[in-house]
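**Q** Dumping the structure here so I can ask a few things about it.
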Amino acid sequence: MGYDFSTIEPKWQSRWESERVFNVTEDLTKVKFFNVQMYPYPSGDLHMGHLRNYTYVDLLTRYRKMQGYNVLSPMGWDSFGLPAENAAINTGVHPREFTEKQIVRMKDQLRRLGAVYDWDREVVVHTPEYYRWDQWIFLKLYEQGLAYKKESPVNWCPRDATVLANEQVVDGGCERCGTVVEKRNLSQWFFKITDYADRLLDDLAELNEWPDRVRTMQENWIGRSEGCRFTMKVAGTEHSFDVFTTRPDTSFGMTFAVLAPEHPLVEELIAGSPVEEEARAYIAAAVRASDIERVADGAKSGIFLGHHAINPVNGREVPLFIADYVLTGYGTGAIMAVPGEDQRDWDFATRYRLDIIPTVSRPDGWEGEAYSGDGVMINSDFLNGLTKAESIPAAITWFEEHGLGTRTVQYRLHDWLISRQRYWGCPIPMINCAECGLVPVPEADLPVIHPDVEDYAPKGQSPLAAVDSFVNVACPSCGGSAKRETDTMDTFVDSSWYYLRYCDAHNDEAIFDPEKVKYWMPVDQYIGGVEHAVLHLLYARFVTKVLHDMGLVPVDEPFARLFTQGMLVKDGAKMSKSKGNVVSPDSYYERYGADAIRLFELFIGPPTDDAIWSDHGVEGTYRFLDRVWRMATGSVGKTVDRPESAEDREVLADAHRTVKKVTEDIDRFSFNTAVAALMEFSNTLNGYLKSQVGARRVTVDAVVEMMLLMLSPMAPHMAHELWELTGHDGMLAAQMWPSWDEDLVRRDVVTMVVQVNGKVRDRVDVDVDISPADAEATAMGLEKIERWLEGGTVRKVIARPPNLVNIVVG
RNA sequence: GCCGGAGUGGCGGAAUGGCAGACGCGAUGGACUCAAAAUCCAUUGUCCGCAAGGGCGUGCGGGUUCGAGUCCCGCCUCCGGCACCA
Numbered sequence: 021m022g023y024d025f026s027t028i029e030p031k032w033q034s035r036w037e038s039e040r041v042f043n044v045t046e047d048l049t050k051v052k053f054f055n056v057q058m059y060p061y062p063s064g065d066l067h068m069g070h071l072r073n074y075t076y077v078d079l080l081t082r083y084r085k086m087q088g089y090n091v092l093s094p095m096g097w098d099s100f101g102l103p104a105e106n107a108a109i110n111t112g113v114h115p116r117e118f119t120e121k122q123i124v125r126m127k128d129q130l131r132r133l134g135a136v137y138d139w140d141r142e143v144v145v146h147t148p149e150y151y152r153w154d155q156w157i158f159l160k161l162y163e164q165g166l167a168y169k170k171e172s173p174v175n176w177c178p179r180d181a182t183v184l185a186n187e188q189v190v191d192g193g194c195e196r197c198g199t200v201v202e203k204r205n206l207s208q209w210f211f212k213i214t215d216y217a218d219r220l221l222d223d224l225a226e227l228n229e230w231p232d233r234v235r236t237m238q239e240n241w242i243g244r245s246e247g248c249r250f251t252m253k254v255a256g257t258e259h260s261f262d263v264f265t266t267r268p269d270t271s272f273g274m275t276f277a278v279l280a281p282e283h284p285l286v287e288e289l290i291a292g293s294p295v296e297e298e299a300r301a302y303i304a305a306a307v308r309a310s311d312i313e314r315v316a317d318g319a320k321s322g323i324f325l326g327h328h329a330i331n332p333v334n335g336r337e338v339p340l341f342i343a344d345y346v347l348t349g350y351g352t353g354a355i356m357a358v359p360g361e362d363q364r365d366w367d368f369a370t371r372y373r374l375d376i377i378p379t380v381s382r383p384d385g386w387e388g389e390a391y392s393g394d395g396v397m398i399n400s401d402f403l404n405g406l407t408k409a410e411s412i413p414a415a416i417t418w419f420e421e422h423g424l425g426t427r428t429v430q431y432r433l434h435d436w437l438i439s440r441q442r443y444w445g446c447p448i449p450m451i452n453c454a455e456c457g458l459v460p461v462p463e464a465d466l467p468v469i470h471p472d473v474e475d476y477a478p479k480g481q482s483p484l485a486a487v488d489s490f491v492n493v494a495c496p497s498c499g500g501s502a503k504r505e506t507d508t509m510d511t512f513v514d515s516s517w518y519y520l521r522y523c524d525a526h527n528d529e530a531i532f533d534p535e536k537v538k539y540w541m542p543v544d545q546y547i548g549g550v551e552h553a554v555l556h557l558l559y560a561r562f563v564t565k566v567l568h569d570m571g572l573v574p575v576d577e578p579f580a581r582l583f584t585q586g587m588l589v590k591d592g593a594k595m596s597k598s599k600g601n602v603v604s605p606d607s608y609y610e611r612y613g614a615d616a617i618r619l620f621e622l623f624i625g626p627p628t629d630d631a632i633w634s635d636h637g638v639e640g641t642y643r644f645l646d647r648v649w650r651m652a653t654g655s656v657g658k659t660v661d662r663p664e665s666a667e668d669r670e671v672l673a674d675a676h677r678t679v680k681k682v683t684e685d686i687d688r689f690s691f692n693t694a695v696a697a698l699m700e701f702s703n704t705l706n707g708y709l710k711s712q713v714g715a716r717r718v719t720v721d722a723v724v725e726m727m728l729l730m731l732s733p734m735a736p737h738m739a740h741e742l743w744e745l746t747g748h749d750g751m752l753a754a755q756m757w758p759s760w761d762e763d764l765v766r767r768d769v770v771t772m773v774v775q776v777n778g779k780v781r782d783r784v785d786v787d788v789d790i791s792p793a794d795a796e797a798t799a800m801g802l803e804k805i806e807r808w809l810e811g812g813t814v815r816k817v818i819a820r821p822p823n824l825v826n827i828v829v830g
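Per my numbering, the first sequence starts with residue 21, numbered consecutively.
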C-alpha cells in the first residue's frame, strides 16, 4: 500500500476538527502557551510565501501541545480596509460580501495545509460584534484625553482620497498605492501615542525575546533627542519664538536663525513688509510640496525676512530667514543656525554668504564643511576649553540659571492619526452637536452600526456622509439635532488589540473577561512579517499599555516573544500578487500533498532569512516522506526477532540523538536543520533495515515510533496515518513529545582528529573518556603522524581529548 | 550620512574557536526495465597525481591563537530600515 496522501490528508483534517483536538479552555492545571500569528487580511488565494508562515505557526502549536502545554492558537481576519473597498468600486460587489467570500476561501486553504486552530475563537473585524469594541476603546481613550480632534497638516493620498498616518507614508508615497503623498491642513482624529513615547522606548529594553532589528527600528521611529529649548526675541518687535537644539554648546556660533515657512509667526512678520509678496509665494510653494519634493533637490533655499533675532547667549543680532529645510512638524519649527557645526546650516550659509563661526576646534586640515565631531570649545566665552561632551550640559545649565531656556526631550514620534475618509472601516463613535460641540456616543448605544451605501468611491470625505439616516442623529447630551462623525478608523486600530479578544472572543457584555485575559496573556509567541515593525507592533504596544493602565490587562507588553520570518523570493522579488511572481500551491498539493509542502517550507532555509523558491525542492521532501512511509509500513528490508546486537543498539542510540537534536533545533527556531536531522536518521534507518542479518523488529518498532512522534508537528497527516497503521491507540497529536536517554546519546567511542601544525593528518577512534596523556600518546604513535614528525622537533602538543590532538613541530 | 543584517560548492544551505561543505536540489555513472517513470547503489569544492597522497579553499587585506567561516582591526559588495529630525 503506497503513500496515498490524497485520501490521508482530508481524513485527518476532518478528524482534528470534529474531535476538537485543538480547541482549548482556560485550565489552571496546565501551563498555557498562547501562540499567535499576525492575523491576515482576507485577500483570497494563499501562495507558497504565506504557507511558510502558517507552517511555522502550526508546527509550534502541535509541538508545544505534545510537550504538555495548554496551547491556544487562534485565527482571525483583518477584514476592514482598502482592498475590499477598491474591489467594491471596481466590481460593484459589496465589500462585506467580497470579504466574507475570501474568508471562506482562505479557511479552506488553511485546512488543506493541515493548519489547526481553535476556530471557536475566530475574530472577524468587520462584524459589529468586534468593531463595537473598537468604538469602546475609542471612547475610553477620549475619556482620558488620549483621543482628540485637531486641525493640522496631514498626509493626504490623492489617489485613495484619504489621510494617512506618518507610519503609512513610505518613501514619501502612500503605503498602499505608492502615490506621492501631499500635505493638507485638515481637522482629524488622533490618538495621543506621544504620551507613551518614553514608556514605549524604555520598555523595549525588557523585550529580550524580540529581534534586535525590530527594537532598533522602533527606537529610531520614536526618535528621542535630548536637548535644550530656548526663546529668541525678534529685534525691534514684541515678537519672539522658541527653538530646539541638541547642540546648545554651539550657541556662540549662531550666525542666523530660521523659521519653517508654516511657522505661525511668519504671517505677522511679513504682513505689509517689502518681502511680503516674495515670502508668500515661497510659503505657498513649500506648503504645497510633498515632503519628498522638499527634500529632492537638496539645495537649501530661503528668504530673509528683513528682521533679526537676538542670540540670548551674547546679544548678537542675527538675520532671520524662512527656509523649507526647517520642518514645521519637528521641534518648534524654528532653529538657531550654526553653520560651523551643522552641515545643513553650512550649506545655507554658503549659498547666502552668511558668517561661519567655528565653536569646536577642528582636526588638522578640516575645511570646506561643517564639523560635528568632538573637540575643544573655542569662540564660546564661558564654554571655551571644555570638550563637546562637557559643554552641552554646561550650556543647558547656563540657559536654565538665566531663566532663558530649559532642558527638553524631543520625539520624532507624532500622534497617531486614526481617522480615514473611507467607507470600509469602523465608524468613529462621535457626534457633532451645534449646541454641545463634540459629544461621544454613549456606551449603551454601541455599536454604531456601519451602514450600507450605494457609492463607495472616495470623494475626499467619507462615503458615510452621504447616508442621511446615519449622519442625522439626536444629540445624546441636549437631544437637539446633531450629526455623526463620518470618518472611519484606521484599520491599525482594529489590529491593535485583536489578540486580547481571542482570549474571550464572543463576550457581548464586555470587551473581554479580564480573568481570561489574565490566564492567556501575554502572547507567548507572536509570529509575523518584519514590515510591521513600526506600524502594528508599536500601536499594539501602545493600546496594551493604555488598557493595562485601565486595569484591564495584567501585562503592559503584549508580546513576550516575537519572531519575524523572512520572505519567500522568486525571480529576485518578494513573492506577491502585485509582483506577479506567486507560486500557487494547488499543483503541488495534487502531486506531492500538504505534508511534502509543509516539510519543504520548513527545510528551505533559516526561518528568519529570505528564502528563494525552488520548484524542485518539494520533490525532495516528498521523496523523504515516501521513504519514511515505506520503511514504517515494512516494505523495506526484513525484520527478525533476536536479541539486541551492538548494531541494533547503535540505531536506537542514533534515534535518541535525533530526538535531542530535533528538540533543540525546534526550540531555537532552526526548523531547517531539524528536518535535516530527521532525513539523516532516515538514511541511517534505511541502511539498517537493509542489513544482511535483518533488522531487529523490536528496535525497528521503537525507532519508527520515535520518528513518527517527531514528524507529527511537521508532516502531521502522514505521521497520524502511520501511527494508526502501526497499531497505536489514541491520536498522535495527543501523545507526548519523545524524550531522549542521555546514556544512549553519549558515544563510547569517538573519532579523534590528529593535527600537525593545525592541519589534519590522521583520524583515530578512541574511548570517549581518554585522558590527555593517552590521547597524546595515541596520536604520537600513529604511523602517518610519525612521518610528519620526522626531521622536526616537537615544540608543543595541544590535547583536547577526545576530539583533537594538535602537534606543533618546528 | 546614520543604524541593522549578510557574503561558504553548480544551487538552497550546515558547522558551542577544533575534521569546512551536514541535509537537500541538480549533475554523472551504474542496477532494475523491452523501454520509460519510480526506486535503489555509487560519485560529486578545486588543482596536481596512474595511485598512495599532497597543494589550495568560507568577499578582500591585516591581526590574535597551537588552531579562525567563527574573535579583533581596516576595507569591498549586496540587502533592509531611518534620514534636511535641528
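Ideal Cβ positions, reconstructed from N, Cα and C, are used throughout, including at glycine.
Can you check the segment 195 to 225 for any alpha helix (DSSP H) of at least 4 residues that lies completely inside it and give the ranges in chain order?
**A** Those alpha helix (DSSP H) runs which fall completely within the segment 195 to 225 and span 4+ residues are 217 to 222.
**Q** Need the endpoints of the alpha helix (DSSP H) that M126 sits in, please.
**A** Taking the first residue of the first sequence as position 1, residue 126 is located at position 106. Unbroken alpha helix (DSSP H) run through M126: 115 to 133.
**Q** Check whether the Cβ atoms of K253 and A357 sit closer than 8 Å, and answer yes or no.
**A** By 1-based counting over the first sequence, the position of residue 253 is 233. By 1-based counting over the first sequence, the position of residue 357 is 337. No, they are not a contact pair.
**Q** With distances taken from CA atoms, which of L161, G353, V554 is nearest R233?
**A** Taking the first residue of the first sequence as 1, we reach residue 233 at position 213. For the residues L161, G353, V554, the minimum Cα distance to R233 belongs to V554.
**Q** Provide the residue span of the alpha helix (DSSP H) that contains T798, from first to last.
**A** Residue numbering aside, residue 798 sits at position 778 when the first sequence is read from its first letter. Per DSSP, T798 belongs to the alpha helix (DSSP H) from 792 to 800.
**Q** In this structure, does DSSP put A696 in helix, strand or coil?
**A** Sequence index remark: in the first sequence, residue 696 carries index 676 (1-based). Of the three classes helix, strand and coil, the one that applies to A696 here is helix, per DSSP.
**Q** So does the segment 745 to 760 actually touch the segment 81 to 88, counting three or more Cβ pairs closer than 8 Å?
**A** Judged by Cβ distances under 8 Å, the segment 745 to 760 makes contact with the segment 81 to 88, as three or more pairs qualify.
**Q** Let me check understanding here. Comparing Cα to Cα, which of P62, R132, V113, W156 lies closest to W517?
**A** By 1-based counting over the first sequence, the position of residue 517 is 497. Nearest option by C-alpha distance: W156.
**Q** Quick check on this structure: which residue in T641, E803, F324 has the alpha carbon closest to the alpha carbon of P294?
**A** Taking the first sequence and counting its residues from 1, the one referred to as residue 294 is at position 274. Residue F324 is the option with its Cα nearest to P294.
**Q** Going by DSSP, what residue range makes up the beta strand (DSSP E) through M252?
**A** The residue given as residue 252 occupies position 232 in the first sequence. Taken as a continuous stretch (DSSP letters only), the beta strand (DSSP E) holding M252 covers 244 to 254.
**Q** Suppose you measure from the CA of R267 to the CA of G247; what does that come to, to the nearest Å?
**A** On the first sequence, position 247 is the one that residue 267 refers to. On the first sequence, position 227 is the one that residue 247 refers to. When rounded, the distance between both Cα atoms is 7 Å.
**Q** Please report how far the alpha carbon of W36 lies from the alpha carbon of Y519, in whole angstroms.
**A** Counting from 1 along the first sequence, the entry for residue 36 is found at position 16. Counting from 1 along the first sequence, the entry for residue 519 is found at position 499. So the two alpha carbons sit approximately 23 Å from each other.
**Q** Closest by CA to G393, which one among N205, P792, G360, L184?
**A** Counted from its first residue, the first sequence places residue 393 at position 373. Cα-wise, what sits closest to G393 is G360.
**Q** So is L289 buried or exposed if we call it buried at 16+ other beta carbons inside 10 Å?
**A** Position 269 of the first sequence, counting from 1, holds the residue named residue 289. Answer is buried; the Cβ neighbour count reaches 16.
**Q** Between which residues of its own chain and Y59 is the CB-CB distance below 8 Å, once the five residues before and five after are set aside?
**A** The residue you call residue 59 lines up with position 39 of the first sequence. Cβ within range, chain order: M95, G96, W97, D98, V143, S515, Y518.
**Q** Would you list the residues sitting across from R371 in a DSSP beta bridge?
**A** Within the first sequence, residue 371 is the residue found at index 351, counting from 1. Bridge partners of R371: none, in fact.
**Q** Just how far apart, CA to CA, sit T199 and A181?
**A** To locate residue 199, count along the first sequence from 1; it is residue 179. To locate residue 181, count along the first sequence from 1; it is residue 161. T199 and A181: Cα-Cα distance of roughly 11 Å.
**Q** Helix, strand or coil, according to DSSP, for A673 in the structure here?
**A** On the first sequence, position 653 is the one that residue 673 refers to. In this structure, A673 counts as helix in the three-state DSSP scheme.
**Q** Between which two residues does the beta strand (DSSP E) containing S260 stretch?
**A** By 1-based counting over the first sequence, the position of residue 260 is 240. Note, S260: beta strand (DSSP E), 260 to 265.
**Q** Beta strand (DSSP E) containing E282: first to last residue?
**A** Counting from 1 along the first sequence, the entry for residue 282 is found at position 262. No beta strand (DSSP E) holds E282; DSSP gives it neither H nor E.
**Q** Going by Cα to Cα distance, which pick from D646, G640, F272, P626 is closest to I412?
**A** Translated into the one-based positions of the first sequence, residue 412 becomes position 392. For I412, the nearest C-alpha among the options comes from F272.
**Q** Taking Q597 as part of the alpha helix (DSSP H), name the residues at either end of that continuous run.
**A** The residue labelled residue 597 in the question sits at position 577 within the first sequence. Looking at the sequence provided, one finds Lys at residue 597 rather than Gln. Run containing K597: none; DSSP gives neither H nor E here.
**Q** Pull up the DSSP beta-bridge partners for I451, would you.
**A** By 1-based counting over the first sequence, the position of residue 451 is 431. Bridge partners of I451: V459, R504.
**Q** Between the Cα of L705 and those of E741, W649, A694, T683, spot the shortest distance and give me the residue it belongs to.
**A** Taking the first residue of the first sequence as position 1, residue 705 is located at position 685. Nearest of E741, W649, A694, T683 to L705, Cα basis: W649.
**Q** Report the rounded CA-to-CA distance for L731 versus K538, giving the unit in angstroms.
**A** In the first sequence, the residue the question calls residue 731 occupies position 711. In the first sequence, the residue the question calls residue 538 occupies position 518. Taking the straight line joining both Cα atoms gives about 33 Å.
**Q** Pick out whichever of A291, E171, G292, H283 has its Cα sitting closest to the Cα of V307.
**A** On the first sequence, residue 307 is found 287 positions in, with the first residue counted as 1. The candidate whose alpha carbon is nearest that of V307 is H283.
**Q** Starting from W153, follow the beta strand (DSSP E) in both directions and report where the run begins and ends.
**A** Against the first sequence, residue 153 aligns to sequence position 133. Where W153 is concerned, there is no enclosing beta strand (DSSP E), although the alpha helix (DSSP H) it sits in stretches over 148 to 163.
**Q** Candidates A485, F532, D510, S497: which alpha carbon is nearest R504's?
**A** Locating residue 504 in the first sequence gives position 484, where the first residue counts as 1. The shortest Cα separation from R504 among A485, F532, D510, S497 belongs to A485.
**Q** From V278 to G165, what does the alpha carbon distance come to, in whole angstroms?
**A** Against the first sequence, residue 278 aligns to sequence position 258. Against the first sequence, residue 165 aligns to sequence position 145. Near 33 Å, if we compare the C-alpha coordinates of G165 and V278.
**Q** Relative to the alpha-carbon of G243, which residue among C498, S260, D222, V765 has its alpha-carbon at the smallest distance?
**A** As a first step, residue 243 must be located in the first sequence, where it is residue number 223. Of C498, S260, D222, V765, the residue nearest in Cα terms is D222.
**Q** For V573 and T564, which I take to be in contact (beta-carbon distance under 8 Å), what is that distance rounded to the nearest angstrom?
**A** Mapped onto the first sequence, residue 573 falls at position 553. Mapped onto the first sequence, residue 564 falls at position 544. Correct: roughly 6 Å between the Cβ atoms.
**Q** So within the segment 535 to 582, which uninterrupted beta strand (DSSP E) runs reach at least 3 residues, ignoring any that extend past its ends?
**A** Here the runs fully enclosed are 545 to 549.
**Q** Compute the Euclidean distance between the alpha carbons of M587 and G69, then round it to the nearest angstrom.
**A** As a working mapping, residue 587 is identified with position 567 in the first sequence. As a working mapping, residue 69 is identified with position 49 in the first sequence. Distance between the alpha carbons of M587 and G69: 7 Å.
**Q** Between which two residues does the alpha helix (DSSP H) harbouring I617 extend?
**A** The count along the first sequence starts at 1 and reaches residue 617 at position 597. 614 to 623 is the span of the alpha helix (DSSP H), which, as asked, contains I617.
**Q** Just to confirm, are P578 and A593 a CB contact at a threshold of 8 Å?
**A** Sequence index remark: in the first sequence, residue 578 carries index 558 (1-based). Sequence index remark: in the first sequence, residue 593 carries index 573 (1-based). No, the Cβ-Cβ distance between P578 and A593 is not below 8 Å.
**Q** Could you spell out where the alpha helix (DSSP H) holding I416 opens and where it closes?
**A** Taking the first residue of the first sequence as 1, we reach residue 416 at position 396. Element bounds for I416: 408 to 421.
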